[in-house]
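Worksheet: the structure to be examined is printed underneath.
There are 2 protein chains.
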Amino acid sequence: MFRGFWAETNQLMFICDRRSEKIDQIQQNPNAEACWYFTKTREQFRLRGQLSAITADTTAATLLEARRHLWQKISDNARLQFAWPQPKATRTENSDAFAPSAPNPQAPLDTFCALLLVPNEVDYLSLRGEPQDRMVYHLAEENWTSQNVNP
Amino acid sequence: MFRGFWAETNQLMFICDRRSEKIDQIQQNPNAEACWYFTKTREQFRLRGQLSAITADTTAATLLEARRHLWQKISDNARLQFAWPQPKATRTENSDAFAPSAPNPQAPLDTFCALLLVPNEVDYLSLRGEPQDRMVYHLAEENWTSQNVNP
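Protein chains in written order, with numbering that gives the first Met the number 0: chain V, 0 to 150; chain Z, 0 to 150.
Encoded structure:
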């Protein structure tokens, strides 16, 4: 789920559990895409870039701020899940384990992880055209260029 | 877009253009997932497996049959796109290039590629439970096993 842009940047924010398989997968290969298709306008956006995971061990102060900001922004229920037992482990039978006390809404739990997607290419497709319109945008040295391409 | 199951198997079929970047990406890493989320029932299915691309150069007869079957199944309009100019190349100005004569609906064009996803793990999540229900299914030596896991 898209959690908004980080501050005044075009970096997309997501959250995940540090104990999730995603973390290992991102370390192995940080290339990622976020795709949206809008059924009404029949437009598709494919945002390609690099993902980075911001964990409790991250040292850069601005990144830690992004993580704290997200933690504060999500709902009480969403925060609670980060205090649940190990995801994907054999089901914990004790249901109390899924009813922990509410975590501090100011300070992220160690299991809370923020993901930042820094896009460097956007592939835009509009199915309305005959034939479809497709534009590719590239980031090179802080400037975006665009190219009209075949669908 | 999901194009159905191949014959009596549980292999998922998709199509793509051989000139698409997907083909190279699949060769580099065939691990793939198909995910569905059903908003009404609030259930998510994540099917993990290996993708294989069936092209005009594929030699296995049954695979070529799957490719031909898909080609025959798709619409005239869908088939036409495989006769269009190179996808993602600089836009072809000559609009005639996007109005080729209809390809033979029996014999796939060389650009037509079928993709088969052979699932070996299914991750099922139901958001209705409190906490959510999650089951993981694994394929090992032709048998599926299931495990009740933490969400």
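All C-beta atoms in this analysis are idealised placements derived from N, C-alpha and C, irrespective of residue type, glycine included. For clarity, every value in this text was computed on a predicted model and none was experimentally measured.
Distance from L114 (chain V) to F13 (chain V) at the Cβ level is roughly 4 Å; contact confirmed, criterion being Cβ atoms closer than 8 Å. Assigned with DSSP and collapsed to three states, F111 (chain V) falls in strand. For P99 (chain V), the CB contacts under 6 Å within the same chain, skipping 5 residues up- and downstream, are A82 in chain order.
For D16 (chain Z), the enclosing beta strand (DSSP E) stretches over residues 11-16. A59 (chain V) sits exposed, since fewer than 16 C-beta atoms from the chains shown fall within 10 Å of its C-beta. Separation of L126 (chain Z) and T38 (chain Z) (C-alpha to C-alpha, rounded to the nearest whole angstrom) is 10 Å. 8 Å or more divides the Cβ of A65 (chain Z) from the Cβ of D109 (chain Z). For the 8 Å CB-CB criterion, Q85 (chain Z) and N147 (chain V) do not form a contact.
Taking 8 Å as the cut-off, the Cβ atoms of W70 (chain Z) and P130 (chain Z) do not count as close.
Nearest C-alpha to F4 (chain Z) among Z:W143, Z:E92, Z:V117: Z:V117. Secondary structure at R127 (chain Z): coil, using DSSP grouped into helix, strand and coil. For the segment 83-101 of chain V, the set of residues with a beta-carbon nearer than 9 Å to any beta-carbon of chain Z comprises W83, P84, Q85, P86, K87, A88, T89, R90, T91, S94, A96, F97, A98, in chain order. If you look at R133 (chain Z), you'll find it in the beta strand (DSSP E) that goes 132-139.
The straight-line gap separating the alpha-carbon atoms of K21 (chain V) and Q43 (chain V) is approximately 24 Å.
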